[in-house]
Structure formats: structure tokens, C-alpha cells
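Undergrad: Protein chains in written order, with this note's numbering: chain A, 2 to 116; chain B, 123 to 234.
Glycine is no exception: its CB is placed at the ideal position from the N, C-alpha and C atoms.
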Amino acid sequence: GAVVSQHPSWVICKSGTSVKIECRSLDFQATTMFWYRQFPKQSLMLMATSNEGSKATYEQGVEKDKFLINHASLTLSTLTVTSAHPEDSSFYICSATVDSNQPQHFGDGTRLSIL
Amino acid sequence: GDSVTQMEGPVTLSEEAFLTINCTYTATGYPSLFWYVQYPGEGLQLLLKATKADDKGSNKGFEATYRKETTSFHLEKGSVQVSDSAVYFCALISGGSYIPTFGRGTSLIVHP
Numbered sequence: 002g003a004v005v006s007q008h009p010s011w012v013i014c015k016s017g018t019s020v021k022i023e024c025r026s027l028d029f030q031a032t033t034m035f036w037y038r039q040f041p042k043q044s045l046m047l048m049a050t051s052n053e054g055s056k057a058t059y060e061q062g063v064e065k066d067k068f069l070i071n072h073a074s075l076t077l078s079t080l081t082v083t084s085a086h087p088e089d090s091s092f093y094i095c096s097a098t099v100d101s102n103q104p105q106h107f108g109d110g111t112r113l114s115i116l
Numbered sequence: 123g124d125s126v127t128q129m130e131g132p133v134t135l136s137e138e139a140f141l142t143i144n145c146t147y148t149a150t151g152y153p154s155l156f157w158y159v160q161y162p163g164e165g166l167q168l169l170l171k172a173t174k175a176d177d178k179g180s181n182k183g184f185e186a187t188y189r190k191e192t193t194s195f196h197l198e199k200g201s202v203q204v205s206d207s208a209v210y211f212c213a214l215i216s217g218g219s220y221i222p223t224f225g226r227g228t229s230l231i232v233h234p
């Protein structure tokens with residue numbers, strides 16, 4: 002149980018393109034979803050926390066207009082990287098949790114490469 | 123603030139060797155402690171957890187004991203396999219937060 006599906010797993014696109022990444026909880030309702038960014042050989046950096054039906058809470062230094070997060074239902078959150086540039090290339094990982102007393106369940110990540 | 127310190131990698135071992143990956147933490151109160159594993163190109167998977175002092179988390183032959191006196195949660199496995207090659211992250215959640223604080227990760231490479 003507690004499966005989180007992330008799609009797509011790999012994206013290569015031209016600079017200036019907007020890219021949408023989906024994160025779905027397949028067998029549970031996620032009250033909260035998280036978006037992380039991971040640089041090579043680095044730990045995860047929390048970008049934002051999203052609760053269903055409300056605006057996402059962004060971490061300091063993360064541009065909310067650059068990284069648009071929508072959490073329209075209890076099973077789906079999306080991250081849109083707007084007008085992506087090569088410096089946005091990274092591994093993006095989402096996670097979801099039922100409530101604050103339970104561990105987060107992670108998606109398999111999305112490798113984003115901007116040419 | 124909370125922090126997690128892991129030993130730097132990579133840790134390189136031969137198959138069937140004994141594994142220890144050190145993890146120490148700083149936190150207010152009594153955090154819950156976790157080990158996550160990340161296989162190449164994948165997201166993180168929860169490996170094991172412990173929620174109070176002296177608890178031992180175990181899974182797939184890995185184990186870690188919550189040591190409050192030394193603020194440590196070292197990961198151990200008696201006999202590693204090539205398939206254990208991955209990056210291992212120690213993490214904690216403290217207080218009422220549901221956002222984990224991660225260590226930097228330790229890469230494990232197991233040779234046949």
C-alpha cells in the first residue's frame with residue numbers, strides 16, 4: 002500500500018518550455034504533498050508543501066511564479082516549471098502523507114533536462 | 123534548528139561484508155528517526171524507522187537503534203549484497219512537524 006506515482010519519469014525539452022510534473026497517491030488520500038529538488042550527490046531540498054484546496058507554502062528562496070504548484074484533489078498535485086532554463090535541470094521528487102504522524106511516501110522522481 | 127549528520131561516502135564494500143553507516147542528529151524534544159534508501163534513478167523508499175529511545179527499526183536485514191544518549195541512529199547490516207548498492211538517507215521528524223530533516227546521504231557501493 003501507500004504508492005505514490007510520479008509522471009513523467011524523464012523529460013528533455015528546449016529552454017523556454019513549461020513542463021508539468023504530476024504526483025498521484027494511488028491508494029490513499031494525501032492531505033499533504035511535498036515537492037523536493039535534488040542536485041547530483043546532494044540531499045533533498047524541500048521546495049514547497051501543498052495542502053489540498055489551498056495555496057502551496059514555498060520554502061525561502063523558491064520562486065513561486067517559477068514553480069507553480071496545484072493540489073486540486075486529495076490524490077493529485079502538479080508542479081509546473083514555467084519557462085524552464087538549463088539551470089532548472091534537476092531531479093524533482095514528490096511525496097505524500099496521510100497525516101502528520103505518518104511517514105511520507107515518495108514518488109520515483111522526474112529527471113528534468115533543459116537544453 | 124534540527125540537523126542530521128551522516129558519514130561521507132562513498133562506502134565501498136565487498137559482498138557479504140558488514141555495513142555500518144553512521145548518523146547523528148540534533149533536535150529539540152524527542153524526534154522520530156528514519157532511514158530511507160534511494161536506488162539509482164528512483165525516489166526515496168522508507169527503509170526503517172524508530173519513534174522513541176531504544177526502539178530498533180529493522181527491515182530487509184538492515185537495522186538501526188534509536189540511541190538518545192548518543193543522539194545516534196546508525197544503520198547496520200550483517201551481510202551486504204550487490205543489490206544493496208544505493209544512497210541511504212538518515213532523517214528525523216521532530217515536534218508537530220511532518221517535514222523531515224534529511225542528512226546529505228551516503229552512497230553505498232557493493233562489489234561482487
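(1) Since A:Cys14 and A:Ile115 are thought to touch, with beta carbons under 8 Å apart, how far apart are those beta carbons, to the nearest angstrom?
(2) Measure the alpha-carbon distance for B:Gln203 versus A:Leu113 and round it to whole angstroms.
(3) Is the stretch 130 to 138 of chain B touching the stretch 60 to 69 of chain A, taking contact as three or more C-beta pairs under 8 Å?
(4) Using a Cβ cut-off of 7 Å, pull out every chain B residue sitting near A:Pro104, in sequence order please.
(5) Reducing DSSP to helix, strand and coil, say where A:Glu23 ends up.
(6) Just by C-beta distance, which residues in the stretch 35 to 54 of chain A are closer than 8 Å to chain B?
(7) Taking the alpha-carbon positions, what's the A:Gly108 to A:Ile22 distance?
(8) Checking the sheet assignment: what are the DSSP bridge partners for A:His72?
(9) Could you name the residues of chain B that A:Gln61 contacts, counting a contact when the two beta carbons are closer than 9 Å?
(10) If you measure from the beta carbon of A:Gly108 to each beta carbon in chain B, is any gap under 7 Å?
(11) Measure the alpha-carbon distance for A:Thr32 versus B:Glu198 and round it to whole angstroms.
TA: Judging by the given coordinates:
(1) Position 13 of the first sequence, counting from 1, holds the residue named residue 14 of chain A. Position 114 of the first sequence, counting from 1, holds the residue named residue 115 of chain A. The Cβ separation is near 6 Å, so the contact holds.
(2) Position 81 of the second sequence, counted from the first residue, corresponds to residue 203 of chain B. Position 112 of the first sequence, counted from the first residue, corresponds to residue 113 of chain A. Answer to the nearest angstrom: the Cα atoms are 31 Å apart.
(3) no
(4) Position 103 of the first sequence, counted from the first residue, corresponds to residue 104 of chain A. Phe156, Leu168 and Lys171, listed in chain order.
(5) In the first sequence, the residue the question calls residue 23 of chain A occupies position 22. A:Glu23 falls in the strand class under three-state DSSP.
(6) Phe35, Lys42, Gln43, Ser44, Leu45, Leu47 and Thr50
(7) The residue given as residue 108 of chain A occupies position 107 in the first sequence. The residue given as residue 22 of chain A occupies position 21 in the first sequence. Each residue's alpha carbon lies about 11 Å from the other.
(8) Here residue 72 of chain A refers to the residue found at position 71 of the first sequence. Bridge partners of A:His72: none, in fact.
(9) Here the question's residue 61 of chain A lines up with position 60 in the first sequence. Within 9 Å Cβ-Cβ: nothing; A:Gln61 doesn't reach chain B, min ~13 Å.
(10) Start at 1 with the first residue of the first sequence, and residue 108 of chain A comes out as number 107. Answer yes: the Cβ-Cβ gap between A:Gly108 and chain B drops below 7 Å somewhere.
(11) As a working note, residue 32 of chain A is residue 31 in the first sequence. As a working note, residue 198 of chain B is residue 76 in the second sequence. Rounded to whole angstroms, A:Thr32 to B:Glu198 spans 33 Å at the Cα level.
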